[in-house]
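Engineer: Chains R and W, in that order, give the protein sequences. So that you can map any letter, position 309 of the first sequence is 308 in numbering that gives the first Met the number 0, and since no number is skipped, the others follow by simple counting. So that you can map any letter, position 165 of the second sequence is 164 in numbering that gives the first Met the number 0, and since no number is skipped, the others follow by simple counting. Handing you this structure, nothing more for now.
Number of protein chains: 2
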Amino acid sequence: MADGPTINTIAERAGVSIASVSRVLNGLPTRQETIRKVLAAAEELGYVRNAVARSLKSRRTNQVAFAMADIGNPVYLAMVRQIQPVLKAAGYRLVLHSTDAIAADEIDVLHSLGERYVDGLIMSPLRVTEAHLETLKAARAPVVIIGSVPDGTRVDNVRADSRTGVRLALDHLHALGRRRIALVNGPLDTVPGASRGAAYAEALEELGLPYDDGLVEIGDFYRADGARAVAALLARRPDIDALMCANDLIALGALDVLRAAGRRVPEDVAVVGMDDTELAAASYPSLTSVSLGSAERGKAAVELLLDRLQRGDREPRLVTVPPRLVVRASTSGEEPALPYDLTTNTPGALAGAAPGHQSSAQEGGAG
Amino acid sequence: MADGPTINTIAERAGVSIASVSRVLNGLPTRQETIRKVLAAAEELGYVRNAVARSLKSRRTNQVAFAMADIGNPVYLAMVRQIQPVLKAAGYRLVLHSTDAIAADEIDVLHSLGERYVDGLIMSPLRVTEAHLETLKAARAPVVIIGSVPDGTRVDNVRADSRTGVRLALDHLHALGRRRIALVNGPLDTVPGASRGAAYAEALEELGLPYDDGLVEIGDFYRADGARAVAALLARRPDIDALMCANDLIALGALDVLRAAGRRVPEDVAVVGMDDTELAAASYPSLTSVSLGSAERGKAAVELLLDRLQRGDREPRLVTVPPRLVVRASTSGEEPALPYDLTTNTPGALAGAAPGHQSSAQEGGAG
DNA sequence: AAGCCATCTGTAAACGTTTACTGAGTTGGC
DNA sequence: GCCAACTCAGTAAACGTTTACAGATGGCTT
Chain R
0 MADGPTINTI AERAGVSIAS VSRVLNGLPT RQETIRKVLA AAEELGYVRN AVARSLKSRR
60 TNQVAFAMAD IGNPVYLAMV RQIQPVLKAA GYRLVLHSTD AIAADEIDVL HSLGERYVDG
120 LIMSPLRVTE AHLETLKAAR APVVIIGSVP DGTRVDNVRA DSRTGVRLAL DHLHALGRRR
180 IALVNGPLDT VPGASRGAAY AEALEELGLP YDDGLVEIGD FYRADGARAV AALLARRPDI
240 DALMCANDLI ALGALDVLRA AGRRVPEDVA VVGMDDTELA AASYPSLTSV SLGSAERGKA
300 AVELLLDRLQ RGDREPRLVT VPPRLVVRAS TSGEEPALPY DLTTNTPGAL AGAAPGHQSS
360 AQEGGAG
Chain W
0 MADGPTINTI AERAGVSIAS VSRVLNGLPT RQETIRKVLA AAEELGYVRN AVARSLKSRR
60 TNQVAFAMAD IGNPVYLAMV RQIQPVLKAA GYRLVLHSTD AIAADEIDVL HSLGERYVDG
120 LIMSPLRVTE AHLETLKAAR APVVIIGSVP DGTRVDNVRA DSRTGVRLAL DHLHALGRRR
180 IALVNGPLDT VPGASRGAAY AEALEELGLP YDDGLVEIGD FYRADGARAV AALLARRPDI
240 DALMCANDLI ALGALDVLRA AGRRVPEDVA VVGMDDTELA AASYPSLTSV SLGSAERGKA
300 AVELLLDRLQ RGDREPRLVT VPPRLVVRAS TSGEEPALPY DLTTNTPGAL AGAAPGHQSS
360 AQEGGAG
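So, in structure tokens, the structure goes:
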């Protein structure tokens, strides 16, 4: 792995100055003969432009960072899936940070923008503290925040609307005749937990249903927490006829416990999840879920960022992505039609002619 | 966003030379008084060290890239989940590339190592062509390949053993008394497709079962392909009693179609998936699946890479991760015990005292 | 034929660090 | 009290680019 060639090496080889080499490589007007010599030399030497030196001089890295709480969370992954191709098309690389929802880590990331290893940042913090806002104000590169931020904060911002989302779900359950609707929520000191709790209370009121503390159970956002919470709920209020779950994982835990308890879904208890992750369509019964538009939020965020990288001076914008209720069997009782046509068999499939993008696994026979 | 301070600014402010500033910031021996002055100035100015300039001089970026075929694929995500924290702990940032399994893109990534924007690369190519190997040989930074690579290739390599994996699955099905075991495979020109096809044929032979072309169906690696393939299989061979699916998504499609056709799983047809993604545990019936150890492979890869970054001269290593059969209801008929204890309700959960790491969703009430 | 202009190329500085080298000042040995 | 040795700090070069500026060359115009 000997040291690679630089423009100096090329300049020598081609018998020109490094300025000429640079000009040719950047497509600036140059005499044909010079272009030919430089390109020939570069080709022979297998020259590749050093991105670090280039960044130092040009003050751009063509890298963008995305910081999320948990890299294993399907919600963030839906965002990454949108963000990556857009960045790639615009000539940027994607740097990933997983902060484990630790505020100090998030602030570190903001602070490290001063290192100038990226041109911009998309961040999705779980909680937004004063310290976040302070650091944000002093950030040395454009930032887009996915999630709520106090009004008046001068930053590009993309929000979901889980208030309306919860409302959609409760309206749906109410229309189905459900009247004892429990809430299985996550921790109240997280942004989603707090707002979903409040939205639940509000929606009940508007529907003319009484708010009952006994119908609310709080745990963390995982499947096991959902299972535990629902077991407790069933013991306390055996007559519940619907469950509003603060995310899909909680809802899956709920399905586990309901099945074990012999309750039919949705006949006895209807279940609604939230986030509409791919798990919702995979479960059985398939899960009605409120999509908060993770994909759309990711897309909006990256677009805001790219736009700002072009025009750093424009006013900050706020984009709110509307929620959408995706009805499946856990409330309707009917499995949705399979999302594909069985009659059309892939032509030539037996010949192995499939175009073969994405396969689901890497591997290697042991030999 | 005015230009940030540099060591020059600090040097002026502190009344010392830039060399002293650099020494202080790097912890090299310096007089107390100087240290104090420099740190004070740095603090006041909110100095953050420029990573690009530092990289240029030191010839290391503290970045590592991971290139995968498809960022949406749970198999790669399982790897990323392992890789990211290890890198972070070692002081490296993670750069993600999604190549859409396009060979040219993969080769581009290898080639771009010459830009020196990362110190090393972990790559998981779907197909390995001559061109890959050529470029690999000339790569300007350490590379670890996840997936098969021809014997003798001088590169750190992590492999799954899908051959043994398929074997485990077929042994299991055979032991359950199944004799007409179909294969739903992916494209034969991918590494996984090819080797799973071969392993299926081999395993049948060792089990003394006849190989029958009519029992093999090929599509792509998605749920819809699985559904289509199984519909065709059922039409052609109504008497099949087991399905070996080349990945979990295909298996989910299979479950859809079997259910629609009124076949009971596993009584009439047993189903085995592959990769043991989180979808396998979420489906109903839950899916027996062959784990190829994606997480372990990710971990092994990043460890190989970090090791090589320390000692560039050591011999290339090969790590093979053994497969594991995870038996669930789609073959055994019994839902596995819930992986959590329902009796222990989270203490204090109602008080919202949960530590609240990872929540499943970002959001923001519309106001 | 002189002067001008256009076109191209080379020189050198700059981006923000790290670090080899040198020299100044201090300490200590004898 | 002189010289050696040591400690610390400053100067300057280097990392590999881009680019402002100036110089060179040649073709036109007049």
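All residues carry an ideal CB built from backbone N, CA and C; glycine is no exception. Here the structure is a predicted model, which is why all the values come from computation and not from measurement.
If we cut at 8 Å on Cβ distances, does R/Y116 have a partner in chain W?
Structural biologist: yes
Engineer: Going by the CB atoms, is the gap between W/V215 and W/L257 shorter than 8 Å?
Structural biologist: no
Engineer: Let me see if you follow: with CB-CB separation under 8 Å, is W/H356 close to chain R or not?
Structural biologist: Interpretation of W/H356 is limited by its pLDDT of 36, a score under 50 that renders its predicted location unreliable; the figure taken from the coordinates is listed afterwards. Yes, its Cβ sits closer than 8 Å to a Cβ of chain R.
Engineer: Would you say R/D155 and R/L308 are within 8 Å of each other, going by their C-beta atoms?
Structural biologist: no
Engineer: Would you tell me roughly how many angstroms separate the C-alpha atoms of W/K87 and W/Y210, rounded to the nearest one?
Structural biologist: 49 Å
Engineer: Buried or exposed: where does R/G261 fall if 16 or more other Cβ atoms within 10 Å of its Cβ makes it buried?
Structural biologist: exposed
Engineer: Return the bridge partner residues of W/G196 from the DSSP annotation.
Structural biologist: DSSP, once it has assigned bridges, lists no residue as partnering W/G196.
Engineer: Taking DSSP as the reference, what is the three-state secondary structure of R/D219?
Structural biologist: coil
Engineer: Per DSSP, W/N156 forms a beta bridge with which residues?
Structural biologist: W/I144, W/L317
Engineer: Please report whether the beta-carbon of W/A137 lies at a distance below 8 Å from any beta-carbon of chain R.
Structural biologist: yes
Engineer: With DSSP collapsed to three states, give me the class of R/I106.
Structural biologist: In this structure, R/I106 counts as helix in the three-state DSSP scheme.
Engineer: Starting from the Cα of R/R313, find the closest Cα among R/A10, R/A231, R/L304 and give me that residue.
Structural biologist: R/L304
Engineer: In this structure, does DSSP put R/P4 in helix, strand or coil?
Structural biologist: coil
Engineer: Taking Cβ-Cβ distances shorter than 8 Å, what residues in chain R pair up with W/L278?
Structural biologist: E277, L278, A281
Engineer: Go to R/I239, then tell me how far its alpha helix (DSSP H) extends in each direction, as first and last residue.
Structural biologist: It is not in any alpha helix (DSSP H) - R/I239 carries neither H nor E in the DSSP assignment.
Engineer: Let's test the definition: count the other Cβ atoms within 10 Å of the Cβ of W/G113 and tell me whether it reaches 16, buried, or not, exposed.
Structural biologist: buried
Engineer: Going by DSSP, what residue range makes up the alpha helix (DSSP H) through R/I249?
Structural biologist: 247 to 259
Engineer: Check R/R22 in the structure and name its three-state DSSP category.
Structural biologist: helix
Engineer: Any beta carbon from chain W within less than 8 Å of R/T29's own beta carbon?
Structural biologist: no
Engineer: At the 8 Å Cβ level, is W/L76 part of the contact set with chain R, yes or no?
Structural biologist: Closer than 8 Å to some Cβ of chain R, the Cβ of W/L76 qualifies, so yes.
Engineer: Would you kindly report the start and end of the unbroken alpha helix (DSSP H) that includes W/V301?
Structural biologist: 293 to 309
Engineer: Can you list the residues of chain R that W/T60 reaches, using a CB-CB cut of under 7 Å?
Structural biologist: V51
Engineer: Mind checking whether W/V301 and W/I121 have CB atoms under 8 Å apart?
Structural biologist: yes
Engineer: May I have the straight-line CA-CA distance separating W/V127 from W/Q62, to the nearest angstrom?
Structural biologist: 25 Å
Engineer: Start and end of the alpha helix (DSSP H) containing W/R80?
Structural biologist: 73 to 88
Engineer: W/R153: buried (16+ other C-beta within 10 angstroms of its C-beta) or exposed?
Structural biologist: exposed
Engineer: Check the Cβ-Cβ distances between R/V142 and every residue of chain W, and say whether any is below 8 Å.
Structural biologist: no
Engineer: Are the Cβ atoms of R/V326 and R/H173 separated by less than 8 Å?
Structural biologist: no
Engineer: Leaving out the 5 sequence neighbours to the left and right, which residues in its chain are closer than 8 Å to R/S16 when beta-carbon positions are compared?
Structural biologist: A10
Engineer: Compute the Euclidean distance between the alpha carbons of R/G207 and W/L187, then round it to the nearest angstrom.
Structural biologist: 60 Å
Engineer: Under 6 Å Cβ to Cβ from W/A130, same chain only, skipping five residues before and after it: list those, please.
Structural biologist: Cβ contact annotation for W/A130 (same chain, cutoff 6 Å, sequence separation greater than five): I106, in chain order.
Engineer: Could you work out which residues of chain W lie near R/G113, taking near to mean beta carbons separated by less than 7 Å?
Structural biologist: G3, V47
Engineer: Considering only C-alpha positions, which residue in the set R/S147, R/L109, R/L44, R/R179 is nearest to R/D238?
Structural biologist: R/R179
Engineer: With three or more C-beta pairs closer than 8 Å as the rule, is the region 39 to 54 of chain R touching the region 89 to 103 of chain W?
Structural biologist: No, they do not touch.
Engineer: So, under 8 Å CB-CB, W/L169 and W/L203 are touching, yes? Tell me the CB distance rounded to an integer number of Å.
Structural biologist: Rounded, the Cβ-Cβ distance is 7 Å, consistent with contact.
Engineer: Evaluate contact between the region 51 to 61 of chain W and the region 48 to 60 of chain R, counting only Cβ atoms and requiring at least three cross-stretch pairs below 8 Å.
Structural biologist: yes
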